[in-house]
Each structure stands twice: as structure tokens, then as C-alpha cells.
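Engineer:
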Amino acid sequence: MKHIRNFCIIAHIDHGKSTLADRLLEFTKTIQVTGGQMLDDMELEKERGITIKSHAIQMEYVYKGEKYVLNLIDTPGHVDFSYEVSRSIAACEGALLVVDATQGVQAQTISNLYMAIEHNLEIIPVINKVDMPSAMPEEVEDEIVELIGCDKKDIIRASGKTGEGVEDILQAVVERVPHPVGDDQAPLQALIFDSVFNSFRGIIAYFKVLNGVIKKGDSVKFFNTGMEYVADEVGVLKMDMVPRKELRTGEVGYIISGIKDAKEVKVGDTITHTVRSCEAAIEGFQEVKPMVFAGVYPIDPSEYENLRASLEKLQLNDASLTFTPESSVALGFGFRCGFLGLLHMEIVQERLDREFNMDVITTVPNVSYLVYDKLGNEREVHNPSGLPDPTMIDHIEEPYIRASIITNVNFIGPIMKLCIDKRGELINQEYVSGNRVELHFMLPLGEIVIDFYDKLKSISKGYASFDYHIDSFRPSRLVKLDILLNGEAVDALSTLTHHDNAATFGRRMCEKLKELIPRQQFDIAIQAAIGAKIVARETIKCVRKDVTAKCYGGDVSRKRKLLEKQKKGKKRMKQIGNVEVPQKAFLAVLKLD
Numbered sequence: 024m025k026h027i028r029n030f031c032i033i034a035h036i037d038h039g040k041s042t043l044a045d046r047l048l049e050f051t052k053t054i055q056v057t058g059g060q061m062l063d064d065m066e067l068e069k070e071r072g073i074t075i076k077s078h079a080i081q082m083e084y085v086y087k088g089e090k091y092v093l094n095l096i097d098t099p100g101h102v103d104f105s106y107e108v109s110r111s112i113a114a115c116e117g118a119l120l121v122v123d124a125t126q127g128v129q130a131q132t133i134s135n136l137y138m139a140i141e142h143n144l145e146i147i148p149v150i151n152k153v154d155m156p157s158a159m160p161e162e163v164e165d166e167i168v169e170l171i172g173c174d175k176k177d178i179i180r181a182s183g184k185t186g187e188g189v190e191d192i193l194q195a196v197v198e199r200v201p202h203p204v205g206d207d208q209a210p211l212q213a214l215i216f217d218s219v220f221n222s223f224r225g226i227i228a229y230f231k232v233l234n235g236v237i238k239k240g241d242s243v244k245f246f247n248t249g250m251e252y253v254a255d256e257v258g259v260l261k262m263d264m265v266p267r268k269e270l271r272t273g274e275v276g277y278i279i280s281g282i283k284d285a286k287e288v289k290v291g292d293t294i295t296h297t298v299r300s301c302e303a304a305i306e307g308f309q310e311v312k313p314m315v316f317a318g319v320y321p322i323d324p325s326e327y328e329n330l331r332a333s334l335e336k337l338q339l340n341d342a343s344l345t346f347t348p349e350s351s352v353a354l355g356f357g358f359r360c361g362f363l364g365l366l367h368m369e370i371v372q373e374r375l376d377r378e379f380n381m382d383v384i385t386t387v388p389n390v391s392y393l394v395y396d397k398l399g400n401e402r403e404v405h406n407p408s409g410l411p412d413p414t415m416i417d418h419i420e421e422p423y424i425r426a427s428i429i430t431n432v433n434f435i436g437p438i439m440k441l442c443i444d445k446r447g448e449l450i451n452q453e454y455v456s457g458n459r460v461e462l463h464f465m466l467p468l469g470e471i472v473i474d475f476y477d478k479l480k481s482i483s484k485g486y487a488s489f490d491y492h493i494d495s496f497r498p499s500r501l502v503k504l505d506i507l508l509n510g511e512a513v514d515a516l517s518t519l520t521h522h523d524n525a526a527t528f529g530r531r532m533c534e535k536l537k538e539l540i541p542r543q544q545f546d547i548a549i550q551a552a553i554g555a556k557i558v559a560r561e562t563i564k565c566v567r568k569d570v571t572a573k574c575y576g577g578d579v580s581r582k583r584k585l586l587e588k589q590k591k592g593k594k595r596m597k598q599i600g601n602v603e604v605p606q607k608a609f610l611a612v613l614k615l616d
């Protein structure tokens with residue numbers, strides 16, 4: 024155990040942690056880097072240049088004549104994947120805090136840092152990209168000293184591109200990160216921090232041994248689910264999985280035991296032996312709290328069961344995804360999915376398409392609300408169609424977040440205006456260093472769900488970083504806005520919105536739908552309604568055949584007779600005709616500016 028070090032890399036998005044991880048792997052001769060991020064192996068990660076999944080890998084490093092085993096976990100940097108980071112931190116004793124020398128400390132850096140400090144991790148600050156012409160290492164050093172109160176000499180200057188400072192990082196990991204503590208002789212306790220699905224071997228769980236020893240062929244049980252298995256294979260994670268006979272306390276590895284059902288593996292569960300099992304599960308593992316909810320429906324209703332299987336397999340690989348079945352009048356059977364944010368939702372949609380060939384329709388995203396009725400009962404509602412009758416509602420509470428935005432002083436004005444337009448309240452502002460300022464806002468989560476992040480990036484020219492956590496629920500004047508087509512409500516388009524914004528939002532939705540819904544043989548009325556009150560209306564004119572073309576000359580009553588006949592036909596058609604809402608109309612509602 025004295026020669027094992029478990030550490031992760033935490034940073035804001037785009038601060039170069041995956042490139043730095045590659046240099047560490049190259050320096051320890053673990054792999055031959057052939058270009059591109061070696062650990063980001065998903066197509067989507069390569070295309071977008073972001074880390075979506077945490078990746079664990081083992082390196083061997085010789086220091087002062089002794090061989091050390093270093094287990095590195097590379098983590099995502101985007102605010103939507105902070106759950107992945109929390110799981111990686113639970114399996115480590117130390118963390119490299121990577122800060123970009125050209126951009127300085129940003130919001131997600133602070134958020135991940137606090138998470139690491141809560142778990143008592145040893146923090147090693149690293150300034151990356153010092154070779155860039157626009158680097159400001161001295162200023163960034165001051166920011167880090169102010170943030171974590173370390174000495175300047177503790178900060179390592181490095182470059183993932185040139186490889187500068189990589190050896191210093193490895194030495195610091197060996198010297199500063201404490202080795203894992205545990206008891207080889209105690210009953211087995213191992214924390215599952217990730218799992219993947221393999222179509223040949225079943226479900227593979229990644230774990231860290233806290234106490235005891237696990238050997239190949241042991242009969243083990245998962246503590247929370249109570250299921251028992253035989254460990255067919257255990258081993259360590261290098262670029263591929265390397266089987267071993269046993270894994271001892273402090274080591275990070277994987278277990279294959281032929282598990283077929285996704286529900287049997289819970290991330291955060293404890294593995295122990297069936298005989299001489301441990302007394303309690305491992306503490307300190309937070310439950311995931313989804314922030315954004317949206318309905319996911321198969322385009323072809325017969326694909327419903329396939330969609331369920333795909334979501335279960337995806338949930339193994341992405342534990343922050345939650346889903347429950349639901350049905351909709353317009354879209355049939357589907358699932359109500361909970362995501363951590365909009366980017367997370369987009370990634371899940373992309374992965375369903377690429378990895379499982381599922382074509383899905385996603386409804387307007389919304390958040391969960393607490394509804395209190397006149398009898399004092401409370402219920403949680405994720406979907407506007409789940410609201411009780413308006414006459415029964417006493418009040419509705421919506422979730423508020425505490426947001427922290429770090430930006431350049433020049434952009435304070437536009438950012439404050441954006442937040443206040445979104446019904447935000449400024450709590451305080453602090454100057455971080457030089458010309459950078461941190462703003463703290465209380466914002467309703469429902470307002471930032473759709474396009475807040477994009478707008479923030481565009482008004483700050485990309486210089487603002489954003490991070491948030493749920494604060495509390497507060498009473499709010501919320502109303503249900505229904506969209507009616509020919510008097511029929513389309514439940515997939517209904518939203519819960521604030522009373523002040525409802526009329527303008529309804530008007531914009533009607534205008535957008537008028538452009539997107541194809542013309543029919545009869546007039547289509549598109550209306551936005553709050554309860555029984557219509558707040559906006561647009562009409563899609565019918566496609567008409569000129570039935571009077573064959574009348575030349577003669578009395579006007581002949582023309583009128585033909586037009587009346589056509590009018591009757593249109594009326595009958597309107598009663599039996601139904602309006603198809605195209606998929607792009609659902610998507611366009613998300614992009615309403």
C-alpha cells in the first residue's frame with residue numbers, strides 16, 4: 024500500500040487536463056501517444072473536444088529507486104457532468120488542480136476544488152499552458168494562492184503540449200499525496216465508482232478496495248442490492264483491462280461477474296464477500312439530483328421496449344441519468360428523463376442515436392416544481408400535464424439556484440441585465456484579482472434551463488464562467504401555458520412559465536408554430552391559453568382549390584353555390600382532420616430567443 028497513489032485531475036472545461044493526462048501516461052511509458060486525447064475514446068468526446076466520462080488508468084513510475092503504482096482518473100470539466108467528478112473524488116486521496124495560464128481560475132475550478140476539499144483530498148496546484156504567448160503565470164499564481172492559501176513554491180508550472188513540468192507533477196504526486204489507508208486483514212469493502220456495459224462479458228464494475236483483498240473466483244455480494252455473484256475475473260485498468268489474481272487494499276480495478284441486468288449495479292454500492300461480509304456500506308456517496316426533465320419518446324411506437332433497454336445500458340455508463348415511464352396523448356408511450364443540464368440532455372440524445380440507433384423525440388425541458396393544494400398537501404410535479412385542477416392549487420414553489428459567475432470587469436453590466444431579466448437577484452460581488460470579478464446571483468432554475476448558458480457566453484465574448492448549485496424552493500406566480508391546435512391541447516408543447524412572461528412567450532410560440540406546421544385543406548387555429556383565457560392566436564390559412572374557375576359568365580348565385588359546397592366540405596374535414604406537429608416544431612420551441 025505504501026507504493027500506491029490514487030489521484031484525479033480536476034479543472035474547468037478546456038483547461039487542458041486530458042492533454043496533460045496524455046503527457047503523464049507518455050512519460051511513465053504506459054502508452055505510446057499517437058495524437059489526439061488517448062483517454063477520451065468516445066466519438067462524441069473527440070468531435071467536441073470535451074471529456075464526458077471519467078477515465079481510470081494505471082501507471083508505473085520509478086522514483087528514488089522504488090517503483091510506485093499511480094492510479095489516475097481524468098474527469099470532465101463541464102458543470103453538467105459534476106456528478107462524474109464527485110464519484111472520481113470519492114475514489115481518490117489526492118487531486119491535481121489544473122488552471123489555464125491564459126484564463127486563470129474559473130467558476131467550475133472553484134466548485135470542483137470545494138468538492139475535493141470536503142473529501143479531505145491533498146490538492147496539488149498546477150498551472151498549465153505556460154508555453155502560450157498569452158500566458159500570465161504570475162497573475163494566475165496569485166489567484167491560486169488567494170484561493171487555497173498555499174505557498175508559491177508549491178505551484179507547479181507545466182505544459183501539456185511541450186511536456187514541461189510533467190516530471191515535477193509525478194514527483195509531487197509521490198511525495199505529497201498520501202497513500203491509501205486500510206486493513207488487508209479486515210472484511211472486504213470496495214466502492215463501485217463506475218460501470219460499463221460490454222455486449223460479450225455483461226456488466227463490468229470499476230471499484231476501489233478500501234479494506235480487505237478480492238481474489239479471482241471469490242463469491243461476492245453487492246451490499247445495497249443484496250445480489251450475490253462469483254468474481255470470474257478481477258484486474259487493473261491500463262489502456263485495456265489487465266487480469267490479476269487478486270487486488271489488495273488501496274488498489275483500483277474492475278470486476279467481471281457475468282451480471283446481465285443493469286438494475287443490479289448501483290454506482291456508489293459496496294462490494295463485500297458473501298462469507299465474512301463487512302458490517303456497513305461505505306459512506307459519503309451523494310445521490311444524484313437531476314435538474315432538468317424532458318420527455319423522450321420513440322418516433323416509432325413499436326421501439327418502446329428497445330428504448331427502455333437502451334436507456335438502461337446508457338444509465339450504467341452515465342449514472343446521473345434517471346428515467347421513469349410516462350405516456351402522452353400526442354406522442355404515445357415514452358420516458359420522463361432527468362438530466363443534470365442541457366448539454367447533458369444533448370449528449371444523451373446523441374449517444375442514443377449513435378450507440379443504440381434510436382430515433383427519439385424530446386419534449387420541451389422543464390424543472391420540478393412543488394405544488395401545494397388548498398388542503399395543504401404537497402406534491403412534486405415534473406410535467407405540466409401532472410398539475411392538479413387550477414381551482415385546487417393554493418400556490419406553486421419553484422427551485423432557485425445560487426449561481427456564481429466569474430468574468431471580466433468590462434462585462435458586468437450586460438451580465439447583470441441578463442440575470443435580472445431572468446428574474447435573478449444579485450447577492451454580492453467580489454473582486455477575484457486585477458480586473459476579474461465574481462458575481463453571486465439567486466436565479467430560478469426554470470429560467471436558465473433553456474438558453475441562459477449560450478447567452479452568457481455570447482454577451483461576455485466567451486469570458487464568463489458559470490457554476491451553480493440548488494439552493495431552495497420559493498413560492499412563485501407560475502401558470503400553465505397550453506398550446507391548442509383547433510381547440511385541442513397538445514400536451515407535449517404545454518409549459519409552466521411565470522405569469523409575467525406567459526403572454527409574450529405564448530405569442531412567440533404561436534408565431535413559430537405558424538411557420539413550421541404545414542398547411543392543410545382546412546384552417547388551423549393555433550392558440551396559447553392560460554386556463555380558459557386565450558392570450559395569443561395565429562391562423563394557418565387552408566390550401567384552397569379554385570372551384571369557381573369553370574364558371575365563366577352567368578349569374579353570381581352559381582358561383583356562390585359552388586363556394587358553399589366547398590365550405591361544407593372544409594367544415595366536415597375540419598371535424599375529422601387531425602394536425603401532425605413535425606419534430607422540428609418541438610425543437611424550435613427550445614430555441615425561442
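What the sequence shown shows, in my numbering, is residues 24 to 616, in sequence order. We put the beta carbon where it would ideally sit given N, CA and C, even for glycine.
1. To the nearest angstrom, how far is it from the Cα of Gln17 to the Cα of Val153?
2. With a threshold of 7 Å on Cβ separation, who are the neighbours of Asp123 within its own chain once the five nearest residues in sequence on each side are excluded?
3. Less than 6 Å between C-beta atoms, sequence neighbours within five positions excluded: which residues of the same chain meet that for Val197?
4. Is the Cβ-Cβ distance between Ile112 and Ala139 less than 8 Å?
5. Beta carbon of Gln544: closer than 7 Å to some heavy atom of the ligand FMN?
6. Would DSSP call His522 helix, strand or coil?
7. Suppose only complete runs of 4+ residues qualify. What are the alpha helix (DSSP H) ranges in the region 96 to 147, listed by chain order?
8. Which runs of the alpha helix (DSSP H) at least 4 residues long sit entirely within the region 360 to 405? Give them in chain order.
9. Let's see if you can read the secondary structure: which residues bound the beta strand (DSSP E) around Leu260?
10. Consult DSSP for Gly577 and reduce its assignment to one of helix, strand or coil.
11. Check the DSSP bridge columns for Gln212 and list the partner residues they point to.
12. With a cut-off of 8 Å on the beta carbons, I'd call Ser488 and Gln131 a contact; round off their distance for me.
13. Name the one or two DSSP bridge partners that Gln550 has.
14. Which stretch, first to last residue, makes up the alpha helix (DSSP H) that contains Glu328?
15. Return the residue from the list Glu335, Thr125, Ser109 and Leu539 that minimises the CA-CA distance to Leu136.
16. Give me the residue from Val128, Asp217 and Ser343 with the minimum Cα distance to Val288.
17. Just to confirm, is the Cβ distance from Glu461 to Glu453 under 8 Å?
18. If Ala426 sits next to Leu466, beta carbons under 8 Å apart, how far is it from one beta carbon to the other, in whole angstroms?
19. How far does the beta strand (DSSP E) with Tyr423 in it extend, from its first residue to its last?
20. DSSP on Arg530, reduced to helix/strand/coil?
21. Pop quiz: Thr295 and Val257 are said to be a contact at Cβ under 8 Å. What is the actual Cβ separation, rounded to whole angstroms?
22. Pick from Ser300, Ile429, Gly172 and Ala228: whose alpha carbon is nearest that of Leu214?
23. Would you mind stating whether Ile424 and Leu468 have Cβ atoms separated by less than 8 Å?
24. On the DSSP bridge assignment, give the partners of Tyr86 in chain order.
25. Per DSSP, which residues does Pro467 bridge with? Please list them.
26. Where does Thr347 sit, in a helix, a strand or coil, going by DSSP?
27. When you compare each of Asp284, Met82, Glu89 and Cys31 to Ile146 by their alpha carbons, which one comes out closest?
28. Answer with buried or exposed for Asn29, where buried requires no fewer than 16 other C-beta atoms within 10 angstroms of its C-beta.
29. What are the boundary residues of the beta strand (DSSP E) that includes Ala44?
30. Should His35 be labelled buried (16 or more other beta-carbon atoms within 10 Å of its own) or exposed?
31. I need the DSSP call for Gly355, collapsed to helix, strand or coil.
32. What whole-angstrom Cβ distance do Ala181 and Val189 have, given they're in contact under 8 Å?
33. On the CB-based measure, 16 or more other CB atoms within 10 Å of its CB, does Gly291 come out buried or exposed?
34. Whole-angstrom Cβ separation of His418 and Arg359, contact assumed at under 8 Å?
35. Given that a residue counts as buried once 16 or more other Cβ atoms are within 10 Å of its Cβ, and exposed if not, what is Leu586?
36. Can you tell me whether DSSP reads Tyr486 as helix, strand or coil?
Structural biologist: To lay it out plainly:
1. Outside the modelled stretch of the chain, which goes from 24 to 616, sits residue 17, for which no answer is possible.
2. His38, Gly39, Asn151 and Lys152
3. Tyr86 and Tyr91
4. yes
5. Absent from the structure shown: the ligand FMN. Ligands present: none.
6. helix
7. 105 to 113 and 130 to 141
8. 365 to 379
9. Glu256 to Leu260
10. coil
11. Asn234
12. 6 Å
13. Leu507 and Arg560
14. Tyr327 to Asn340
15. Ser109
16. Asp217
17. yes
18. 5 Å
19. Ile416 to Asn431
20. helix
21. No, Thr295 and Val257 are not in contact; Cβ-Cβ is about 14 Å, not under 8 Å.
22. Ala228
23. yes
24. Glu89
25. Tyr423
26. strand
27. Cys31
28. buried
29. That residue, Ala44, is in no beta strand (DSSP E); its alpha helix (DSSP H) goes Lys40 to Phe50.
30. buried
31. strand
32. 6 Å
33. buried
34. At roughly 24 Å, the Cβ-Cβ gap does not stay under 8 Å, so His418 and Arg359 are not in contact.
35. exposed
36. coil
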